[in-house]
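Trainee:
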Amino acid sequence: MLSVTRLNVHYGKIHAVRDASFRVGKGEIVSIVGANGAGKSTIMWTLAGVLKPSSGEILFDGKPLPGKPHEIVRSGLALVPERRRLFAELTVQENLIMGAYLRHDKAIEEDLEKNFALFPILKQRLKQYAGTLSGGEQQMLAIARAMMSSPRMILFDEPSLGLAPIVVDTLMETILQLRENGMTVLLVEQNAGRALEISDRAYVLDVGHIAKEGPGKALLDDPEVRRAYLGELA
Amino acid sequence: MFLQTVVTGLSIGGIYALMAVGYSLVFSVLSFSNFAHGAVIMLGAYIGLGLVTKLHFGLGLVVSGAMAGAGLIAIVNEKLAYSLLRKRKAPSLYIMISAMGCAVFLENMVYATIGSRFYAFPAFFKQSVLCLFNGTCNIALLDLFAFGISILAILGLHLFLIHTRTGIAIRAGVSDMTMCSLMGVNLDRLISIVFFLAGIFGGAAGVFLGIKYLVYPTMGWVTNKAYIAAVIGGLGSLPGALLGGLILGVLETFVSTYVSSVMRDVFSFGLLIALLVWRPNGLFGRDTGEKV
Chain Y
1 MLSVTRLNVH YGKIHAVRDA SFRVGKGEIV SIVGANGAGK STIMWTLAGV LKPSSGEILF
61 DGKPLPGKPH EIVRSGLALV PERRRLFAEL TVQENLIMGA YLRHDKAIEE DLEKNFALFP
121 ILKQRLKQYA GTLSGGEQQM LAIARAMMSS PRMILFDEPS LGLAPIVVDT LMETILQLRE
181 NGMTVLLVEQ NAGRALEISD RAYVLDVGHI AKEGPGKALL DDPEVRRAYL GELA
Chain A
235 MFLQTVVTGL SIGGIYALMA VGYSLVFSVL SFSNFAHGAV IMLGAYIGLG LVTKLHFGLG
295 LVVSGAMAGA GLIAIVNEKL AYSLLRKRKA PSLYIMISAM GCAVFLENMV YATIGSRFYA
355 FPAFFKQSVL CLFNGTCNIA LLDLFAFGIS ILAILGLHLF LIHTRTGIAI RAGVSDMTMC
415 SLMGVNLDRL ISIVFFLAGI FGGAAGVFLG IKYLVYPTMG WVTNKAYIAA VIGGLGSLPG
475 ALLGGLILGV LETFVSTYVS SVMRDVFSFG LLIALLVWRP NGLFGRDTGE KV
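These protein sequence lines map, in sequence, to chains Y and A. Read left to right, the first sequence gives residues 1 to 234 (this note's numbering). Read left to right, the second sequence gives residues 235 to 526 (this note's numbering).
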């Protein structure tokens, strides 16, 4: 569904992503794990169209990904960004309306109900400002907001950041649930253990280039990965 | 006399508020003070003047024409002078300098083409006066009209921002521009809409100023006052712009009437300084804090 070939991204003079190639198949959960500063978020912002690649090819459903963020959303790719980035001064309801900004179809109400089924708490908080929600509720709203664009694929950038372990459990279940419903997921996490557990396949990113790839479970058992990213002592 | 002063103050305040709204809207979305706004207001006044002297339009059409014209000028101004800087992620200081350049350019363009003459609007109902209390209190209908239109326009803008999809998108952009584009909002178009809104409010203000005083190339610098109003209210806040404008207008009129018109600006700028010391974000300024 998504295929990235020899992607290079520069931040000014810093070469943040070097020749990264990866792909995500339809209905898969694929994760990219790596240390802080490895270039994970850079890849996400590039896929969302906010950062421009200096070279490389990004194909979405076999077609080159459009250049501008609003065109990328229209083509069916949505991002749940690091630290949520909700519209804090807008209500929960208005955040959800913004999620569906491009849509005029009848199914908006239906999708709203689906989101409330997944996150019942949001229904009670509709009129509340998004900035007043707890961290876990904010993450739910960020996911719901992205889902409101009715995407075919969803990008998660560090969704577990700043959440209590028990909330992270729920979050990972939610991601699995989304896949059950046919969603394709690309997940980027520093919390490598949790990400690899739920991933079909995964890539290890090391200072801008892909160092390893394989099935999630296999990487979870890889001694080198365990040492470098899961904090296991040698 | 007292009531008369209040009404005159409110009408001037309403005009300040119309101009301040333009500053506030642009500031809240792009975080820079658009010092070319005064020139747009001035051009709006000239458009209104042209419509009434050449085409003999009535007041309603003159105001609407000036609003539409100033709105379009504001869009073109943004496209030509700011959008390239914006796309190169230039610091907002540079965009502000570009705005000052635009103001000087537009003024001189008027000098070079129309000339430096002062023009007066023909009397619409300038002479019409509402007499109360056996003539001890004379209220100009124009003042009431300007005040009414200002309040209605700002109320309309408020409803637009709260209830329409585009309005919500503008507020989302104020909150987080990048995420706004990730919702599918075309930022170039959204920013054009913001400038158009600022422009139409400026166009109306320009005509009212022109009718109340005169039309001349540097008349736009009265926006210094609107800028003070916007800062008093809290840059970026709509109720703030309205309240700031009204407070300033009433204060100025009272000082002119009861103290001395020479002292007027001393009080205006004094109020600004006092307020900035007391509340640096203005009356309705936003304390933005992020919850992690």
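Heads up, the beta-carbon is just placed ideally off N, CA and C, and yes, glycines get one too. Since the structure is predicted, the reported quantities are computational estimates derived from the model, not experimental observations.
1) Going along chain Y in order, which residues have a C-beta closer than 8 Å to the C-beta of residue 403 (chain A)?
2) Give the straight-line distance between the Cα atoms of residue 238 (chain Y) and residue 272 (chain A), rounded to the nearest whole angstrom.
3) Going by C-alpha to C-alpha distance, which of A:290, A:263, A:456, A:363 sits closest to residue 563 (chain A)?
4) Any beta carbon of chain A sitting closer than 8 Å to that of residue 10 (chain Y)?
5) Using the beta-carbon of each residue, which ones in chain A are nearer than 7 Å to residue 50 (chain Y)?
6) Under DSSP, the alpha helix (DSSP H) around residue 437 (chain A) begins and ends at which residues?
7) Just to confirm the assignment, what range does the alpha helix (DSSP H) spanning residue 274 (chain A) have?
8) Run down chain Y in chain order and give the residues with a C-beta less than 7 Å from the C-beta of residue 418 (chain A).
9) Between which residues of its own chain and residue 297 (chain A) is the CB-CB distance below 6 Å, once the five residues before and five after are set aside?
10) What is the rounded straight-line gap between the Cα of residue 280 (chain A) and the Cα of residue 347 (chain A)?
11) Going by C-alpha distance, which of A:434, A:236, A:248 is nearest residue 483 (chain A)?
12) Does residue 87 (chain Y) have its Cβ less than 8 Å from a Cβ in chain A?
13) Step through the CB atoms of chain A and report whether any lies within less than 8 Å of the CB of residue 165 (chain Y).
14) Whole angstroms is fine: what's the gap from residue 473 (chain A)'s alpha carbon to residue 34 (chain Y)'s?
15) State the CB to CB distance for the pair residue 213 (chain Y) and residue 203 (chain Y), rounded to an integer number of angstroms; the pair is presumed to be in contact (CB under 8 Å).
16) What residue range is occupied by the uninterrupted beta strand (DSSP E) comprising residue 201 (chain Y)?
17) Tell me, which residues are paired with residue 3 (chain Y) by DSSP?
18) Once DSSP output is grouped into helix, strand and coil, what is the label at residue 91 (chain Y)?
19) Measuring alpha carbon to alpha carbon, tell me which of Y:144, Y:183, Y:107, Y:106 ends up nearest residue 121 (chain Y).
20) Is residue 111 (chain Y) near residue 150 (chain Y), with beta carbons less than 8 Å apart?
21) Would you say residue 279 (chain Y) and residue 31 (chain Y) are within 8 Å of each other, going by their C-beta atoms?
22) In terms of DSSP beta bridges, what is residue 8 (chain Y) paired with?
23) Mind listing which residues of the stretch 239–260 of chain A have their C-beta closer than 9 Å to chain Y's C-betas, in chain order?
24) Of all the CB atoms in chain A, is at least one closer than 8 Å to the CB of residue 159 (chain Y)?
25) What's the gap between the Cα of residue 339 (chain A) and the Cα of residue 267 (chain A)?
Mentor: According to the structure shown:
1) 98, 101
2) Chain Y is shown from 1 up to 234; residue 238 (chain Y) falls before or after that span and cannot be answered.
3) Any property of residue 563 (chain A) remains undetermined from this structure, which presents chain A solely from 235 to 526.
4) It does not: the Cβ of residue 10 (chain Y) has no partner Cβ on chain A nearer than 8 Å.
5) 412
6) 421–446
7) 271–288
8) 70, 73, 74, 101, 102, 149
9) 438, 441
10) 12 Å
11) A:248
12) Judged by the 8 Å Cβ criterion, residue 87 (chain Y) is in contact with chain A.
13) no
14) 47 Å
15) 5 Å
16) 201–206
17) Bridge pairing for residue 3 (chain Y): Y:23, Y:59 [DSSP].
18) The three-state reading of DSSP puts residue 91 (chain Y) in strand, counting E and B together.
19) Y:144
20) yes
21) The question about residue 279 (chain Y) has no answer, for chain Y in this structure spans 1 to 234.
22) Y:55
23) none
24) no
25) Each residue's alpha carbon lies about 17 Å from the other.
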